[in-house]
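Peer 1: In our numbering, the protein residues as written are 5 to 366. From the three backbone atoms N, C-alpha and C, an ideal C-beta is built for every residue, glycine too. Have a look at the structure that comes next, please.
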């Protein structure tokens, strides 16, 4: 086994999920994530945790959703019980086909997601972490040789996370003290209210309210969004290519949209529920170990010199205790490049210009 696989597992179990003896761990394993699953199982055994591994594949999901009549039971008890008794939920992505569910009808997805709200909330109540094992399908999607993609992935995953957390804390402080964020670029002029919200220093650990590995972003939950934004980073959403998505906001919600490619899937997302037309996240990428777009949201949204916004659900970690943020069955990220002709303002002061933060120049 490549020693980097064991290093990946160690970071996931120790730093990211903070697994302890006696923890009940559900580990969802993608078809080609076998090696990572073996390394994770070894680490969990060393910790004295209780492991239950499940198998998760896009082709299985496709077969089930396309065959079903669409009348899904609400929150099936067997799955809900599994998650209610889990302390940790680890998702080890690594499929064979990144577009395996591309032909699942949008209405079928919406019905399925809508019937699983309690399951989703229960999973999010665990110490959950999502990561991916570098696979040939992901390398192909990124237009990279497999060995090249492995180098890329491990450069992003095997970071000095404590040092990066200290660096990102500077942006968190600015956002926590701010009331309004404005993003301006050639095709974007968007304002968002963040007053009363708490930014998350997403340093790839549940100790930081961070649930992705790799991570490397600072995010918050905006509201009262006004203006227009263009997402110019190509990406795949629900198995379909999406290019140059343009959204117009008024009174906090999307009132118009179009795209050069993939407009239909954006429309399907916006029709999911009322919350799907509002923003649940403003995220600012700070992981400079990610140096190119790979058409994988787990990496691309963390890349330095990018900003991403998510339609749908807001994360509780950004909200005051007892307050509900934007609620939705979806959370779909879209990314814009801010490396040129752009600025990010907090309460009228520029904190990032052309991808460089103010504190990086000091």
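#1: Using 8 Å as the threshold, is the C-beta distance between residue 137 and residue 232 below it?
#2: Alpha carbon to alpha carbon, what distance is there between residue 144 and residue 206?
#3: Could you tell me the boundaries of the alpha helix (DSSP H) in which residue 196 lies?
#4: In three-state DSSP terms, what is residue 117?
#5: With DSSP run on the structure shown, which of helix, strand or coil describes residue 110?
#6: For residue 76, report the span of its alpha helix (DSSP H) as first-last.
#7: Where do the ends of the alpha helix (DSSP H) carrying residue 141 lie?
#8: State yes or no: is the C-beta of residue 97 within less than 8 Å of the C-beta of residue 141?
#9: Should residue 64 be labelled buried (16 or more other beta-carbon atoms within 10 Å of its own) or exposed?
#10: Do the region 272-281 and the region 326-333 touch if we need at least three Cβ pairs shorter than 8 Å?
#11: Buried or exposed, going by whether 16 or more other CB atoms sit within 10 Å of the CB of residue 93?
#12: Which full runs of the alpha helix (DSSP H) of 4+ residues lie inside the region 223-297, going along the chain?
#13: In angstroms with no decimal places, state the Cα-to-Cα distance between residue 268 and residue 24.
#14: Just to confirm, is the Cβ distance from residue 329 to residue 284 under 8 Å?
#15: Between residue 114 and the rest of its own chain, which residues show a CB-CB distance below 6 Å, the 5 nearest in sequence each way excluded?
#16: Sort 29, 248 and 180 by Cα distance to residue 48 and report the nearest one.
#17: If we count Cβ pairs, one from each stretch, closer than 8 Å, do we get three or more for the region 150-169 versus the region 6-19?
#18: In the DSSP output, what is residue 314 paired with across the bridge?
#19: First and last residue of the beta strand (DSSP E) that includes residue 319?
#20: Report all residues from its chain with a CB closer than 6 Å to the CB of residue 260; omit the five preceding and five following residues, and keep chain order.
#21: To the nearest whole angstrom, what separates the beta carbons of residue 323 and residue 225, a pair I think is in contact under 8 Å?
Peer 2: By the coordinates alone:
#1: As a working mapping, residue 137 is identified with position 133 in the chain shown. As a working mapping, residue 232 is identified with position 228 in the chain shown. In this structure, residue 232 does not lie closer than 8 Å to residue 137 by Cβ.
#2: Position 202 of the chain shown, counted from the first residue, corresponds to residue 206. Position 140 of the chain shown, counted from the first residue, corresponds to residue 144. Their backbone Cα atoms lie some 28 Å apart in a straight line.
#3: The sequence position of residue 196 within the chain shown is 192, counting from 1. Counting along the chain, residue 196 falls outside any alpha helix (DSSP H), though it belongs to the beta strand (DSSP E) covering 192-197.
#4: Working through the chain shown from its first residue, we reach residue 117 at position 113. If DSSP states are grouped into helix, strand and coil, residue 117 belongs with the helices.
#5: Here residue 110 corresponds to residue number 106 of the chain shown, with the count starting at 1. In this structure, residue 110 counts as helix in the three-state DSSP scheme.
#6: Taking the first residue of the chain shown as 1, we reach residue 76 at position 72. Where residue 76 is concerned, there is no enclosing alpha helix (DSSP H), given that its DSSP letter is neither H nor E.
#7: Counted from its first residue, the chain shown places residue 141 at position 137. Residues 140-145.
#8: On the chain shown, position 93 is the one that residue 97 refers to. On the chain shown, position 137 is the one that residue 141 refers to. In this structure, residue 97 lies away from residue 141, with their beta-carbon atoms at least 8 Å apart.
#9: The residue labelled residue 64 in the question sits at position 60 within the chain shown. Exposed is the call here.
#10: Flag = yes, the region 272-281 and the region 326-333 touch.
#11: On the chain shown, position 89 is the one that residue 93 refers to. Per the 10 Å Cβ criterion, buried.
#12: 267-274
#13: Counting from one through the chain shown, the residue named residue 268 turns up at place 264. Counting from one through the chain shown, the residue named residue 24 turns up at place 20. Their Cα atoms are separated by approximately 45 Å.
#14: Residue mapping note: residue 329 aligns to position 325 of the chain shown, counting from 1. Residue mapping note: residue 284 aligns to position 280 of the chain shown, counting from 1. Against a cut-off of 8 Å, the Cβ pair of residue 284 and residue 329 comes out as a contact.
#15: As a working note, residue 114 is residue 110 in the chain shown. Excluding sequence neighbours, residue 114 sits near 276.
#16: The count along the chain shown starts at 1 and reaches residue 48 at position 44. Answer by Cα proximity: 29.
#17: Three or more pairs of CB atoms, one per stretch, sit closer than 8 Å, so the region 150-169 contacts the region 6-19.
#18: The residue labelled residue 314 in the question sits at position 310 within the chain shown. DSSP lists 285 and 337 as partners of residue 314.
#19: As a first step, residue 319 is located in the chain shown; it is residue number 315 there, counting from the start. Where residue 319 is concerned, there is no enclosing beta strand (DSSP E), given that its DSSP letter is neither H nor E.
#20: Reading the chain shown from its first residue, position 256 is the one you call residue 260. So the list reads 252, once near-sequence residues are dropped.
#21: In the chain shown, residue 323 corresponds to position 319, counting from 1. In the chain shown, residue 225 corresponds to position 221, counting from 1. 6 Å between Cβ atoms; contact.
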